[in-house]
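Below you'll find the structure, written out as structure tokens, and then a few comments.
In full-length UniProt numbering, the protein residues as written are 1 to 675.
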């Protein structure tokens with residue numbers, strides 16, 4: 001039985017979730033509701049009431065994070081934001097004056113957009129079986145999303161719990177399918193105006209992350225002089241309005257104990273554009289990027305203070321770790337963080353904002369690290385902010401920096417209260433006549449002070465991949481060959497390089513294949529010209545880090561691109577199953593590899609010590625009955641491979657295809673989504 005749920009008006013904007021002229025805000029650490037200050041511009045916002053699961057609860061009072069500086073008042077923060085704008089070489093988006101007709105339309109739209117409804121269709125056919133979470137699946141062998149840390153989950157567009165497959169398409173429809181029967185159980189259809197990003201599945205909890213772009217409409221009365229028949233002037237009040245662009249990220253939480261009838265249990269809104277998220281111990285940590293504007297006064301919080309749920313963030317929960325001299329590079333944008341507990345998904349257990357243009361995140365079991373590059377005249381530095389977290393609360397913090405820039409989040413790792421980082425350092429000399437490039441490894445303590453380092457590594461090359469395990473760090477640099485470095489980090493104050501393996505090509509993703517092996521996926525190259533000659537899978541023996549060896553390699557010729565190398569969630573990595581897989585593409589002229597003229601494929605390979613790499617199957621996704629030769633690049637980027645027991649499932653934008661692993665990957669079923 002298939003159930004359809006239609007979500008209307010998810011484009012609710014937290015900044016505008018005020019009614020009857022009141023706007024909730026924090027005054028220090030005390031959460032209060034206060035009337036909006038009336039100015040010549042703003043009288044009161046258009047009603048945008050939100051229908052949720054109950055009356056929204058103010059954010060709980062939490063102590064500020066210790067260890068990093070915060071603003072002392074909203075007035076101080078406003079003055080800083082205004083200074084940024086005055087010194088800026090670019091102008092931020094300013095409110096647009098709306099006509100009365102536009103205002104009326106916007107008011108109607110906002111009113112409609114504040115309501116969520118769930119309308120179930122009649123079942124198409126009776127099914128006796130009830131679909132819920134199968135407790136027996138907890139011990140079943142099934143794949144999980146590829147993550148950086150084992151105990152920290154990361155969101156993706158496809159998930160499985162060992163019983164069902166959850167697939168989110170580009171239009172915002174979430175489908176739940178029973179894997180064993182290949183039957184569609186239900187659909188959750190999102191509003192067209194929302195951009196659904198990713199999701200989490202944990203037991204009977206489903207969380208969807210989406211983003212809305214909207215305008216909040218404000219009204220004001222302006223006195224205009226006019227003359228009557230006697231020549232005397234009087235004042236006529238003219239009502240006008242304007243709109244302010246707002247971006248908000250929403251987390252929708254569902255109880256899916258009955259997979260056919262998901263029940264929404266909460267909706268949480270957080271201002272800003274979606275950056276990333278993590279989930280651990282039943283709590284989601286959501287990160288958004290918020291750009292402040294400047295109104296007429298510090299009282300107009302809606303311009304420069306982000307909302308989380310129903311509240312503005314308290315001024316003493318907005319942090320300024322960046323030196324003032326670097327604001328021109330790193331400021332003007334807030335990193336907003338909110339912690340949402342599964343048992344109370346309508347609100348955050350804690351919120352904060354950091355003035356930082358962070359774009360790289362690493363989350364350990366105890367700390368959240370955000371990083372951003374800062375460019376000056378001659379070199380690049382990476383500024384890092386650490387925020388401790390525990391049980392849904394943000395605790396302590398620190399800020400620091402290192403020379404160079406990170407390749408991605410795998411360039412950071414925490415162990416024994418120390419952060420280990422590898423960077424590529426580029427810059428010009430004083431005369432701007434010579435450009436140099438090298439790499440460095442840095443160890444920082446919990447206050448993000450450098451306590452150990454190795455610099456000037458692999459001159460002329462740049463880091464392509466990194467991974468850490470215990471006291472050893474592995475990283476790949478590249479110019480024409482692929483040095484794989486192994487670094488001993490057992491003494492944080494005295495890190496040292498133990499070995500350097502030079503081979504052709506380079507790895508762009510590293511994945512531990514048990515304790516003694518490291519899988520590298522990347523490109524094979526000509527050592528003389530540097531030209532790419534194919535896609536390469538390498539297996540490294542790391543049982544002795546002082547003598548790392550490549551034990552096998554496998555080359556896919558003529559591969560043109562592989563999105564999975566830059567989005568590791570798209571890689572199926574299952575060392576215990578001896579399987580890994582990914583989608584890749586071939587440009588039209590390179591069609592002699594698998595006797596096909598189509599462009600998109602999925603490769604599933606195995607690795608065993610005795611036999612090395614062995615291809616299990618190559619799927620021409622274009623030619624499948626799901627796409628019939630009409631697959632787009634966007635479709636390709638959303639392909640995922642998962643397995644449950646002895647079944648492999650190719651999950652795509654248009655449906656699922658199942659294969660029996662034990663029967664030489666015989667195709668056993670197809671579930672195609674309705675158009």
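Glycine is no exception: its CB is placed at the ideal position from the N, C-alpha and C atoms.
Residues bridged to residue 164 (per DSSP): For the purposes of this step, residue 164 is taken as residue 164 along the chain shown, with counting starting at 1. Beta-bridge pairing links residue 164 to 178.
Cβ-based burial, residue 413 [other Cβ within 10 Å; buried from 16]: To locate residue 413, count along the chain shown from 1; it is residue 413. Residue 413 is buried by the Cβ-count criterion.
CA-to-CA distance, residue 646 to residue 668, given in whole angstroms: On the chain shown, residue 668 is found 668 positions in, with the first residue counted as 1. On the chain shown, residue 646 is found 646 positions in, with the first residue counted as 1. Separation of residue 668 and residue 646 (C-alpha to C-alpha, rounded to the nearest whole angstrom) is 12 angstroms.
Nearest neighbour of residue 61, chosen from 349, 83 and 209 [CA to CA]: Along the chain shown, read from residue 1 onward, the residue named residue 61 stands at position 61. If we check each option's Cα against that of residue 61, 349 comes out closest.
Cβ distance (whole Å) where residue 536 is taken to contact residue 549 below 8 angstroms: In the chain shown, residue 536 corresponds to position 536, counting from 1. In the chain shown, residue 549 corresponds to position 549, counting from 1. 16 angstroms between Cβ atoms; not a contact.
Among 383, 561, 514 and 603, the one whose alpha carbon lies nearest that of residue 358: As a working mapping, residue 358 is identified with position 358 in the chain shown. Among 383, 561, 514 and 603, the Cα nearest to that of residue 358 belongs to 383.
Identity of the residue in 428, 402, 401 and 443 nearest residue 420 by Cα: Sequence index remark: in the chain shown, residue 420 carries index 420 (1-based). Ranking the options by Cα distance to residue 420, first place goes to 443.
Nearest candidate by alpha-carbon position, reference residue 523, set 498, 556, 545 and 512: Here residue 523 refers to the residue found at position 523 when the chain shown is read from its first residue. Out of 498, 556, 545 and 512, 556 has the C-alpha closest to the C-alpha of residue 523.
Top-ranked residue by Cα proximity to residue 644, from 162, 526 and 581: Taking the chain shown and counting its residues from 1, one reaches residue 644 at position 644. Out of 162, 526 and 581, the CA that lies nearest to the CA of residue 644 is found in 162.
Delimiting residues of the beta strand (DSSP E) encompassing residue 418: In the chain shown, residue 418 corresponds to position 418, counting from 1. Run containing residue 418: 418 to 428, per the beta strand (DSSP E) assignment.
Option in 531, 304, 252 and 140 with minimal Cα separation from residue 180: In the chain shown, the residue the question calls residue 180 occupies position 180. Comparing Cα positions, the closest option is 140.
Local conformation of residue 84 per DSSP, three classes: Your numbering for residue 84 matches position 84 in the chain shown. Helix at residue 84.
Residue 390 versus 289, 282 and 525, residue with shortest Cα-Cα distance: Against the chain shown, residue 390 aligns to sequence position 390. When only C-alpha atoms are compared, the closest one is 282.
7 angstroms CB neighbourhood of residue 602 in its chain, flanking five on each side removed: As a working mapping, residue 602 is identified with position 602 in the chain shown. Counting only Cβ-Cβ distances below 7 angstroms, and skipping sequence neighbours, we find 581, 583, 619, 621, 639, 641 and 650.
6 angstroms CB neighbourhood of residue 66 in its chain, flanking five on each side removed: As a position in the chain shown, residue 66 is number 66, starting the count at 1. Excluding sequence neighbours, residue 66 sits near 396.
Alpha-carbon to alpha-carbon, residue 352 and residue 449: The residue labelled residue 449 in the question sits at position 449 within the chain shown. The residue labelled residue 352 in the question sits at position 352 within the chain shown. So the alpha carbons of these two residues sit roughly 23 angstroms apart.
Pick from 365, 434, 164 and 502 that is closest to residue 648, judged by C-alpha positions: The count along the chain shown starts at 1 and reaches residue 648 at position 648. Cα-wise, what sits closest to residue 648 is 164.
Any beta strand (DSSP E) of 3 or more consecutive residues that is wholly inside the segment 482 to 563: Complete beta strand (DSSP E) runs here, min 3: 496 to 504, 506 to 512, 517 to 525, 532 to 541 and 549 to 557.
Where the beta strand (DSSP E) containing residue 635 begins and where it ends: Working through the chain shown from its first residue, we reach residue 635 at position 635. Careful: residue 635 lies outside any beta strand (DSSP E), inside the alpha helix (DSSP H) at 633 to 637.
Residues that residue 410 bridges to, as DSSP identifies them: Along the chain shown, one-based indexing puts residue 410 at 410. BP columns for residue 410 are empty, so no partner.
Assigned secondary structure, residue 151 (DSSP; H/G/I helix, E/B strand, else coil): Counting from 1 along the chain shown, the entry for residue 151 is found at position 151. Coil, per DSSP.
Cα-Cα separation, residue 170 to residue 187: For this step, residue 170 is matched to residue 170 along the chain shown. For this step, residue 187 is matched to residue 187 along the chain shown. About 14 angstroms.
First and last residue of the uninterrupted alpha helix (DSSP H) at residue 304: The residue given as residue 304 occupies position 304 in the chain shown. Where residue 304 is concerned, the enclosing alpha helix (DSSP H) stretches over 301 to 304.
Cβ-Cβ distance between residue 433 and residue 422 below 7 angstroms: Start at 1 with the first residue of the chain shown, and residue 433 comes out as number 433. Start at 1 with the first residue of the chain shown, and residue 422 comes out as number 422. Their beta carbons are not under 7 angstroms apart, which means residue 433 does not touch residue 422 by this criterion.
Collapsed DSSP secondary structure at residue 245 in the structure displayed: In the chain shown, the residue the question calls residue 245 occupies position 245. Residue state, collapsed to three classes: strand.
Burial state of residue 435 (16 or more Cβ within 10 Å): As a first step, residue 435 is located in the chain shown; it is residue number 435 there, counting from the start. Flag for residue 435 reads exposed.
Cβ pair residue 605, residue 615 closer than 7 angstroms: By one-based count along the chain shown, residue 605 stands at place 605. By one-based count along the chain shown, residue 615 stands at place 615. Yes, Cβ-Cβ distance for residue 605 and residue 615 is below 7 angstroms.
Where residue 75 falls: helix, strand or coil (DSSP): To locate residue 75, count along the chain shown from 1; it is residue 75. Note: residue 75 maps to helix in three-state DSSP.
Start and end residues, beta strand (DSSP E) containing residue 681: The requested residue 681 does not occur in the structure, where the chain is confined to residues 1 to 675.
CA-to-CA distance, residue 264 to residue 254, given in whole angstroms: Start at 1 with the first residue of the chain shown, and residue 254 comes out as number 254. Start at 1 with the first residue of the chain shown, and residue 264 comes out as number 264. Going by the C-alpha atoms only, they are around 4 angstroms apart.
Backbone secondary structure at residue 345 - three-state DSSP: Taking the first residue of the chain shown as position 1, residue 345 is located at position 345. Looking at residue 345 - three-state DSSP - the assignment turns out to be coil, as it is neither helix nor strand.
Where residue 604 falls: helix, strand or coil (DSSP): Indexing the chain shown from 1 puts residue 604 at position 604. In the structure shown, residue 604 sits in a strand (DSSP, three-state: E or B).
Cβ neighbour criterion (16 or more within 10 Å) applied to residue 630: On the chain shown, position 630 is the one that residue 630 refers to. Exposed is the call here.
Span of the beta strand (DSSP E), counted from its first residue to its last, around residue 584: Counted from its first residue, the chain shown places residue 584 at position 584. Here the beta strand (DSSP E) through residue 584 covers 579 to 585.
Span of the beta strand (DSSP E), counted from its first residue to its last, around residue 465: Within the chain shown, residue 465 is the residue found at index 465, counting from 1. Residues 462 to 469.
Exposure label - residue 611; buried when at least 16 CB within 10 Å: As a first step, residue 611 is located in the chain shown; it is residue number 611 there, counting from the start. Looking at its Cβ environment, which holds fewer than 16 other Cβ atoms inside 10 Å, residue 611 is exposed.
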